[in-house]
Structures are given as C-alpha cells and as structure tokens.
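*Asks:*
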Amino acid sequence: MADTISNTSLDEVGSVLRDLEKFGQSPWLDFIQRSFTEDGSLKKLVEEDGLRGVTSNPAIFEKAIGHGTEYDPQIRKLLEGEGLSPGDLYEHLAVDDIRAACGVLHPVFQKTKGLDGYVSLEVSPYLAFDPHGTITEARRLWKTVSRENLMVKIPGTTEGCSAIREAIADGININVTLLFSLDAYKAVLEAYISGLEARVGRGEDISRLASVASFFVSRIDGKVDAEIDRRVKAGDPESAALKALRGKVAIANAKMAYQYYLEVKNTPRWKALAAKGANPQRLLWASTGTKDKAYSDVLYVEELIGPETVNTIPPATFDAFRDHGKLRESLTENVDEARHVMAEVERLSLDLDGVTAKLVKEGCASFCVAFDELLTAVATKREAVLGDRLLRFSADLPAEIRDDVAAAEKEWSVSGILRRIWKKDPSVWTNGPEAGWLNWLNIVQDRLWHIDELEVLARDVRTRGFTDILLLGMGGSSLGPEVLAETFGQQKGWPKLHVLDSTDPQQVTTFKNAVDLKKTLFIVASKSGGTLEPNILFAHFWDVAGQALGKHPGENFIAITDPGSHMQKVAEENKFWRTFFGDPKIGGRFSVLSNFGLVPAAAAGLDVRKFLKVTQLLVESCDGSVPPAANPGATIGLILGHAAKCFGRDKVTIVASEGIASFGAWLEQLIAESTGKKGIGLVPIDEEELGAPSVYGKDRVFVDLLLGDDMPDSRLGALREAGAPVITVRLAEPAQLGQAFFLFEFATAVAGAVLGIDPFDQPDVEFSKVETRKLTSAYAEKGSLPAETPFAKDGSLSFYADEKNAKALEGGDAVAILKKLFGQVKPGDYVGLLAYIERDSKTRDWAQAVRMELRDALKVATAAEFGPRFLHSTGQAYKGGPDSGVFLQVTATDAADVPVPGHGYSFSVVKAAQARGDFEVLAARGRRALRVHIDGPLAEGLKSLATAIHKAVAGE
Numbered sequence: 040m041a042d043t044i045s046n047t048s049l050d051e052v053g054s055v056l057r058d059l060e061k062f063g064q065s066p067w068l069d070f071i072q073r074s075f076t077e078d079g080s081l082k083k084l085v086e087e088d089g090l091r092g093v094t095s096n097p098a099i100f101e102k103a104i105g106h107g108t109e110y111d112p113q114i115r116k117l118l119e120g121e122g123l124s125p126g127d128l129y130e131h132l133a134v135d136d137i138r139a140a141c142g143v144l145h146p147v148f149q150k151t152k153g154l155d156g157y158v159s160l161e162v163s164p165y166l167a168f169d170p171h172g173t174i175t176e177a178r179r180l181w182k183t184v185s186r187e188n189l190m191v192k193i194p195g196t197t198e199g200c201s202a203i204r205e206a207i208a209d210g211i212n213i214n215v216t217l218l219f220s221l222d223a224y225k226a227v228l229e230a231y232i233s234g235l236e237a238r239v240g241r242g243e244d245i246s247r248l249a250s251v252a253s254f255f256v257s258r259i260d261g262k263v264d265a266e267i268d269r270r271v272k273a274g275d276p277e278s279a280a281l282k283a284l285r286g287k288v289a290i291a292n293a294k295m296a297y298q299y300y301l302e303v304k305n306t307p308r309w310k311a312l313a314a315k316g317a318n319p320q321r322l323l324w325a326s327t328g329t330k331d332k333a334y335s336d337v338l339y340v341e342e343l344i345g346p347e348t349v350n351t352i353p354p355a356t357f358d359a360f361r362d363h364g365k366l367r368e369s370l371t372e373n374v375d376e377a378r379h380v381m382a383e384v385e386r387l388s389l390d391l392d393g394v395t396a397k398l399v400k401e402g403c404a405s406f407c408v409a410f411d412e413l414l415t416a417v418a419t420k421r422e423a424v425l426g427d428r429l430l431r432f433s434a435d436l437p438a439e440i441r442d443d444v445a446a447a448e449k450e451w452s453v454s455g456i457l458r459r460i461w462k463k464d465p466s467v468w469t470n471g472p473e474a475g476w477l478n479w480l481n482i483v484q485d486r487l488w489h490i491d492e493l494e495v496l497a498r499d500v501r502t503r504g505f506t507d508i509l510l511l512g513m514g515g516s517s518l519g520p521e522v523l524a525e526t527f528g529q530q531k532g533w534p535k536l537h538v539l540d541s542t543d544p545q546q547v548t549t550f551k552n553a554v555d556l557k558k559t560l561f562i563v564a565s566k567s568g569g570t571l572e573p574n575i576l577f578a579h580f581w582d583v584a585g586q587a588l589g590k591h592p593g594e595n596f597i598a599i600t601d602p603g604s605h606m607q608k609v610a611e612e613n614k615f616w617r618t619f620f621g622d623p624k625i626g627g628r629f630s631v632l633s634n635f636g637l638v639p640a641a642a643a644g645l646d647v648r649k650f651l652k653v654t655q656l657l658v659e660s661c662d663g664s665v666p667p668a669a670n671p672g673a674t675i676g677l678i679l680g681h682a683a684k685c686f687g688r689d690k691v692t693i694v695a696s697e698g699i700a701s702f703g704a705w706l707e708q709l710i711a712e713s714t715g716k717k718g719i720g721l722v723p724i725d726e727e728e729l730g731a732p733s734v735y736g737k738d739r740v741f742v743d744l745l746l747g748d749d750m751p752d753s754r755l756g757a758l759r760e761a762g763a764p765v766i767t768v769r770l771a772e773p774a775q776l777g778q779a780f781f782l783f784e785f786a787t788a789v790a791g792a793v794l795g796i797d798p799f800d801q802p803d804v805e806f807s808k809v810e811t812r813k814l815t816s817a818y819a820e821k822g823s824l825p826a827e828t829p830f831a832k833d834g835s836l837s838f839y840a841d842e843k844n845a846k847a848l849e850g851g852d853a854v855a856i857l858k859k860l861f862g863q864v865k866p867g868d869y870v871g872l873l874a875y876i877e878r879d880s881k882t883r884d885w886a887q888a889v890r891m892e893l894r895d896a897l898k899v900a901t902a903a904e905f906g907p908r909f910l911h912s913t914g915q916a917y918k919g920g921p922d923s924g925v926f927l928q929v930t931a932t933d934a935a936d937v938p939v940p941g942h943g944y945s946f947s948v949v950k951a952a953q954a955r956g957d958f959e960v961l962a963a964r965g966r967r968a969l970r971v972h973i974d975g976p977l978a979e980g981l982k983s984l985a986t987a988i989h990k991a992v993a994g995e
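Each residue of the sequence shown is one higher than the last, beginning at 40 in the working numbering.
In structure tokens:
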C-alpha cells in the first residue's frame, strides 16, 4: 500500500518495528496526512508499533492536499476573508498538519527527553542553493509552527551547510536532508558541531537541541545498478566484478558514514560538547523503500539497524517490515566487506562522487517539481473556491504556440523566474535599473494599509458639494482614471469625473464648458511634475478657476505627484487643498492601482476599499508561489512574448465588451510603451472591429475582454478555427477591473523578460519630448515655429515628409501620394493613423471608418490614435518597436486657440510642436511616414482626405 498504513491488528502479528528500540534505532514514518492524524491512526502507530517520529516533504504534501477533498473545508474557511496566495494557503494547511502531528508525538518527545518525537517540515525546496533564503525560511517556519518537537528540514547542499550551522546556533532543531555522499555528511556534521560550539560560546543551552542527518540509500543503488547493467550488457571485461556489486553499494556507503559518525563521537571535541548535554546528530536512513523488485522489500531497513540511528520508513515498507522484517544489529556487521565494496566501486570507475552529486541535483529538482505540483493543486482548489470572485482566463492556441509556451512554463519553473520577479531581481530582464520600478507588485496591499487617507478624502469631497472632478494628466496619469470613469460612470450623489489629456485647444475648451468651474475639484496628476501637458493644463485651469471663483482657487485643487517633484512645490506654493504622493518606484503606466488611479476614484465615490480587496485576490493568483502553468499573469505574458518572438505574432488585437471598452486604451499604453523598444516589441491594436479570417495575416494574437455574461463575437470562433491564438479574460463584474489591471501589468513584465528588454523605461517617448521642447523654445524666442515647406499640395491638403520619404512619395495629387504610401505596406506591417485633432465622437467615427477601410483593403493591422495622448502610449512602440509601421499623421489649422497663461505660447502652438516633434523622431527612426495638414474647415478636410484614401487603396 503506497500511501496508507495497514491497520492490521498488533495482536495478530506483533510488532517487530517496536523492537527496533532494543537495537537503539528509532522508526520514523515518511508520511503525513490530516485524516491519518485525526482518525487516530498516527497515535495507534506510536502506541503499538513504537513509532517515534514523522517526516514530510513536498511530494508527501502534494498527495495529501492535492488529491481528494479532506482539506477543502479549511480552504473555504481560509478564503472567506481577504484571501491568501496559494503559497500562504498551503502553509496554513501544512502548519496545521504539522502541529497536529507534533501533538501526537509530543509524549514521545517527553518520554525520550527530546531524543525522539519529532515532526519534520521542509523549507521551500526552491531555496536549496540559497543559504540566506534557507536560514531566513528556517527561522520563519520555526517561529510559525512554534512547537518544540518540530524539526526544520534543510537540504545538505554545499550552500545549505552555512544555513545549518546558523540554524543550530539559533537553537532550531534541524533535519538535514538529501545526503548521499560521505563527504557531504562530513560537512553537515561539521556544521552541526560548529553550530553547537557557537551556542556554547554565547553561554546558551544545547541540551534541548536535536538534529538528524538524512542519508539517502536506495536511490544510490538505482543509479549504480543501472550503470552496472549497462556495462555488463556492453560486454565489460569486469562484468563478474560489476555484477557482484549489484545492490550492495548503497548499504556499504551508509555503513561508511556510520563508521565516520562513530569516529567523531570519540573525539575530544565532541566529548566536550557531550559533557554540556549535547545530543548526537543521529544518522537517519532515508529513501529506504526498495525500488528494484529483485531485492527484498525490506532490504534497506533490515541491513541498516544499529545504535543511535533513525530509519524513516515509507508506508508500504512500514507495513512490509511489520509483516516479515527480521531484526539484528546489521549496521556494524561486515564493515570490512563494506570497505571492500567501496574500494571496488573506485577500482571499477563507477564514479560514486559523480553519482551522488547528480542525485543531490536530481533530489532538489524532484522536490521542486513536487512542490510545483503541490502549489498548482492548491492554486486550482483556491480558484474553484473563489469562483466568481476571480476573473477567468483561458487561451485557445495553435499547437505550435501551445507546445512552445508549455516548454517555457517548465523552463521558468526550473529557473524560478517568477519568484525572482517578486524578489525584484533585475536579472530577469536586462540586469539594469528594473529593480527600481517594481513597487507596483506590492502597491495594492500597501494602499489597503493606508486606505484611511483615501476614505477621508472621499468623505470630504462629498461634504464640500463638488459637482465635477476634472483630472488634468497625460499617459499613465490619465488613462487609468479614464477607464474607471467610463466603466463605472457617475456614482449617485457624487461628482462626475472628467479626464482631460489633450493640448488640442478645441478639446480644452470642450472640457472647460462641460464642468461647473465653481463646483469643480481639479486634480493635477504628474509623477515628475515636469511633464509639459499637465503643467500647461494646470496653468490654464488655475486661471479660469480663479476667474470663476473670484478668489484664490487653491482650495479646489489637488495634486498627485511623486515626493520632491516640481508639482509638489507648485502645490505648496499655491496652497492646494491636498497633495497625494505616488510611489517613485512605480512607472506611470503601472500606476493605476496607486494614488494616481485611486485618488480620483475615491473622490468620484468608488468604494476603493472593496476595489482593492477584490484586486488583491488576483495579485495573490500571480504570486511568486504560483507555478507558471497555474499563474494567469505569467501564462498570458509567456503567450504574448513567445507568440511574438518565435512566431512573428506581434500585433496584440484587443476586443472588449462595451462595458469595459475603455480598458483597451489603457492596455494599449501598457503593452506598447513597455515592450516596443530596441527594434522589437508588441504592437497593440485597440478598437479595430473584428472581420473575417481572410482579412488577417499570421501576425495576430487576439485578447478578448468580456464582462459578465457577454458572449464573445462569433467571428472569434472562425479565427480560432483558422489557427489564430485567442486569449479570453472574463470579468464577472466591473469591480474586477482592478484584477484585470494587475493581470496585464504582470503579463507585460513577463513578456518583457521573454523579449529581453527593460519593460519599465520609455526612451523614445523622451526623445519626442526633447524635440517638442526645442520647438516650443524656438517659438518663445522668435514668436513662431520654424518654417516648413510641403513637398506637395492638393486643395486643402498639404503634404510633409523628411527628405527620404518625400522623395519616395512625391509626384501627383493626394491620391497618388497616398497610393505610394500605402503601396509600401507589406504582409506583417501595420498602418498607424495619427490624428492631432480634437478627439470627439465625430472625429473618432471618421478615424474608425478610415482605419477599417485600410485594414480590409491592405489586410494588415491598423491603429487609430489621437495626439498628443498617444505620444505617452503607443508612440513608444511606433518609434522604438519593430520597423513594421506605415504612418499617416494628420494635423489641422485650429479654428480657435487657447492661450497658456504665464507662457510664451498657446495650446495650438504646443500641439503643433508636439506633432512636428513626433514626426521628426519617426523620420529619425527611418519610419515610413507622411504628414498631411488640413487648412480650412476640419470636417471638410477630413472628408477630402477620406475620399483620397479610399481612391488610393481601391485602385481608382
């Protein structure tokens, strides 16, 4: 029976196990399970079979927790509150099991005066080669379990020895595991003794401290016998000598370890410690189940019986030894023969050192695999219990991508990359400054710890009777709040949240007219405080608010900024009502779950406490304790990264339910600005209506965002059948929006690691800012922007390009020019329509109609973006990502302008400078780009341009 202990009556067969005590050996059980403890089976073994200890390991817990339903009630109870990560959930379950077993074994502990009665719990096997991590974990587990008869298991690796010494010096009982070689055992025994000496040197008691050294047995024979069989089959001239060693090496190796133990015990050094009450570090025979059926099923118990030792016996072997085991003091028998066996091993070049070194690595790896399986099982149970409290994720992938991602999940599991992400290890990416940008990993919990300040703000906003909130920001400071505003709408009895992220003078005026300036709370959001757009928007609305209020408007302004920024100084100088700080270690596009998203949400009446608690559940699903295959953020990131890197599918096409449609613009920025650099990256495609499979190339991955019971577009089924990868994320309710934010933040960080880039910088966004500053400075000095000459004109349309693009496009009317531009489009390319005009329903409809015609005619991905907001979003990918974009920039002469108080330029000038700066960087990057400028009425010019585009792509 592999996983249970027989309940055969002691009266029927007696107990040879109990009689091991007569030979000085303690039988321990290599098994633990809740029901086995609760139903009295463990206690029965103690009372009837003389059981004196219990060991556990990840494989044992995986069988106990991962199969069946006995742990489900506790899992449900633990998850009733705020939730736990799968790692924390496992630990709660395991610690309860260990404590219960410690209770059963405690009478043995007392009776033997601390020699026996121990229950072993292993430090995370992921830490086997991390001495600092191991000792930290050992101390934490010792404190958490808080039972004097606990033994913490530490692997006997070279790195583990320093942790063993420290743990013993700390007074922690240690079970050293995964020992295979005599040299490794010597190092472990030295660590134990030096740890005791350290305690003595500090004047601390050592008489209540215990340790065992788990020396593995049967696995050695498994390896050596296989090599013997291979050489015999190959006709080795030493076949007879080789066959004589079969099944003998492991026992001989163990006997040599025991002889060393006896030698050390007789040294003055040990005797000095023994005089102070030190307990010996007993050898514990582990892996004593017989693997080879040609051998006795109790071989590794019968042949290793001796004083001051332990045998930790697996369940099936426990039953077998009780049934037909024979007792004798075998450990000290035939020691010379054992030495001969070891000499033969060396003479015959069986490379025992290589075998044992390999076994250590394999043992650590197998425990990691078992721990992965255990945590995957716990994660699966957790997900089932949480049900609709978690968003749901699934992926339909063609076989080649599915197999590639599965291999990557295994590689990431072995490498522990997810755990390294949570440790903020920059080597996951480029080993650059990434560690300084990872506080978004913990921001949800951090904001929950400080939730009172947000709830006080909400109360005060409502008390003051504001009717509107106008957030002035750009990029990461605006797109997240915009999603919250559009998804949740205006909350009853609360002010309406508006988000302005444009320098278009018409749009600035539209927003000014949409609010009651006397009853508006203005939120100026800028991380650095040096971003152009929020600064000039503040200058304008500070002026108009002051005029409307007839007084100093500071009481109607809030700043969200990083500590020490220019914006903080502005807020202080102008006596803003409140200032909320962001985290300098979170980049703008990862900041939606920080104060940059939460302050406007709280002011607009969202229950931010509930929002964060719901979000935290998904944060825990992406925790470093969750193996890649069960980690939704990791899996999505690996899919996106590998689909692009290995299969050329770098266009991430976002489809969303109407209720969460605005999420796409936020996700666009996150993906593009994070991954599009160094000539590689993902190009997000938002709001492109779905078409038939025939209009798509092989460069797409589809992300389908669903809300509630919304059904996916039927065309996605056809795309799946055509082999397109489809990632589906379903939110049960809008409150899970925060879960989606974190899910894709984590996925984007993972995709960045796959692509080998730093996902937290945005170098090409900065270049555009530099070019814009040059132009605005020139205007401030000379009163005009530098002159420029179109290379062609057609009615109200003027065409501009750098020298290279102009040469390729010049000649003919608007249709001819556009035909040449779009004639450059190749399979796998995309077209970017970049419009520096007011973003309203009419212009959005125009852009959508044009892009869909381009998509269907050219059969490539299309993006429709409005400047300047896209500069802080997809603009990074367009300039720094793959050179697969063909761009048509649209500018226009503004019908009206708005001044920027205190500056030497207007909003129209700023927008023009931004457009030209953007275009200059596109040209500098060698992009295929054309700028068309509309003079006169905008609507007429857009109509003329749409007609020319139609004719160009339709071949008219």
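Positions of the beta carbon are idealized from the N, C-alpha and C atoms, including for glycine.
1. Checking the sheet assignment: what are the DSSP bridge partners for Arg739?
2. Give every residue of the same chain whose Cβ lies closer than 8 Å to the Cβ of Thr348, excluding the five residues on either side of it in the sequence, and list them in chain order.
3. Helix, strand or coil: which one does DSSP assign to Arg247?
4. If Val925 sits next to Asp852, beta carbons under 8 Å apart, how far is it from one beta carbon to the other, in whole angstroms?
5. Here's a check: name, in chain order, each residue in its chain whose Cβ is nearer than 6 Å to the Cβ of Arg970, leaving out the five neighbours to either side.
6. Buried or exposed: which applies to Val809, given that a residue is buried once 16 or more other Cβ atoms fall within 10 Å of its Cβ?
7. Which residue marks the beginning of the beta strand (DSSP E) containing Asn350, and which one marks its end?
8. Using a Cβ-Cβ cutoff of less than 6 Å, which residues in the same chain neighbour Thr930 once the five nearest sequence positions on both sides are dropped?
9. When DSSP builds the beta bridges, which residues end up paired with Gln64?
10. Considering only residues of the region 98 to 186, which uninterrupted alpha helix (DSSP H) runs meet the minimum length of 4 residues and lie entirely inside it, listed in chain order?
11. Among Pro573, Gly261, Pro773, which residue has its Cα nearest to the Cα of Arg908?
12. Excluding the five sequence neighbours on either side, which residues of its own chain have a C-beta within less than 6 Å of the C-beta of Val647, listed in chain order?
13. How far does the beta strand (DSSP E) with Gln928 in it extend, from its first residue to its last?
14. Could you check which residue in Gln915, Ser912, Ala886 has the C-alpha nearest to that of Thr901?
15. Give me the residue from Ala993, Arg361, Lys846, Asp833 with the minimum Cα distance to Gly975.
16. From the beta carbon of Gly919, is the nearest beta carbon of chain B less than 9 Å away?
17. From which residue to which residue does the alpha helix (DSSP H) around Phe219 run?
18. Can you tell me which of Ala418, Gln708, Lys898 puts its alpha carbon nearest to the alpha carbon of Arg115?
19. For Ile693 and Leu706, which I take to be in contact (beta-carbon distance under 8 Å), what is that distance rounded to the nearest angstrom?
20. Count the other C-beta atoms from every protein chain shown that fall within 10 angstroms of the C-beta of Asn470, then say buried if there are 16 or more, exposed otherwise.
21. Relative to the C-alpha of Asp749, which residue among Ile699, Asn670, Arg285 is closest?
22. Just the C-alpha distance for Tyr299 and Thr415, rounded to the nearest angstrom, thanks.
23. Might you give, ordered along the chain, the residues of its own chain that have their beta carbon closer than 7 Å to the beta carbon of Ala202, omitting 5 neighbours on each side?
24. Between the alpha carbons of Lys365 and Gly345, how many angstroms are there, rounded?
25. Using only the alpha-carbon positions, how far apart do Gly822 and Thr811 sit?
26. Taking the C-alpha atoms as reference points, what is the distance between Phe783 and Glu161?
27. Starting from Phe550, follow its DSSP beta bridges and name the residues at the other end.
28. Look at the alpha carbon of His989 and the alpha carbon of Ile597, and state the distance between them as a whole number of angstroms.
29. Ignore the nearest five residues each way along the sequence and tell me which others in Ala293's own chain have a CB closer than 7 Å to its CB.
30. To the nearest angstrom, how far is the alpha carbon of Ile290 from that of Tyr339?
31. Would Ile719 pass as a contact of Leu794 if the rule is Cβ separation under 9 Å?
32. For Val191, which beta-bridge partners are listed by DSSP?
33. Starting from Trp1008, trace the beta strand (DSSP E) both ways and give me its first and last residue.
34. Report buried or exposed for Trp488, applying the criterion of at least 16 other Cβ atoms within 10 angstroms of its Cβ.
35. Look up Pro623 in the DSSP assignment and say whether it is helix, strand or coil.
36. Hey, Gly515 and Lys463: beta-carbon distance below 9 Å or not?
*Replies:* Taking the definition as stated:
1. Lys690
2. Gly63, Gln64, Ser65, Tyr297, Arg321, Leu322, Leu323, Trp324, Leu370
3. coil
4. Not confirmed; about 20 Å, so no contact.
5. Tyr839, Gln928, Phe958
6. With fewer than 16 other Cβ atoms within 10 Å, it is exposed.
7. 348 to 352
8. Tyr875, Ala954, His972
9. Partner(s): Thr348.
10. 111 to 117, 125 to 150, 170 to 184
11. Pro573
12. Leu493, Leu637, Ala640, Ala641
13. 924 to 931 is the span of the beta strand (DSSP E), which, as asked, contains Gln928.
14. The shortest Cα separation from Thr901 among Gln915, Ser912, Ala886 belongs to Ala886.
15. Asp833
16. As a matter of chain content, chain B is missing from the structure shown, which is built from one protein chain.
17. Note, Phe219: premise wrong, no alpha helix (DSSP H); not H, not E.
18. Ala418
19. 6 Å
20. Looking at its Cβ environment, which holds fewer than 16 other Cβ atoms inside 10 Å, Asn470 is exposed.
21. Ile699
22. 42 Å
23. Pro170, Thr173, Ile174, Ala177, Ile193
24. 13 Å
25. It is roughly 15 Å from the alpha-carbon of Gly822 to the alpha-carbon of Thr811.
26. In a straight line, the C-alpha of Phe783 is about 34 Å away from that of Glu161.
27. DSSP lists no partner for Phe550.
28. Straight-line spacing of the CA atoms in His989 and Ile597 works out to 47 Å.
29. Phe254, Val256, Trp324, Leu343
30. When rounded, the distance between both Cα atoms is 7 Å.
31. In this structure, Ile719 sits near Leu794, with a CB-CB distance shorter than 9 Å.
32. DSSP output for Val191 lists Leu160, Ile213 as bridge partner(s).
33. Outside the modelled stretch of the chain, which goes from 40 to 995, sits residue 1008, for which no answer is possible.
34. exposed
35. coil
36. no
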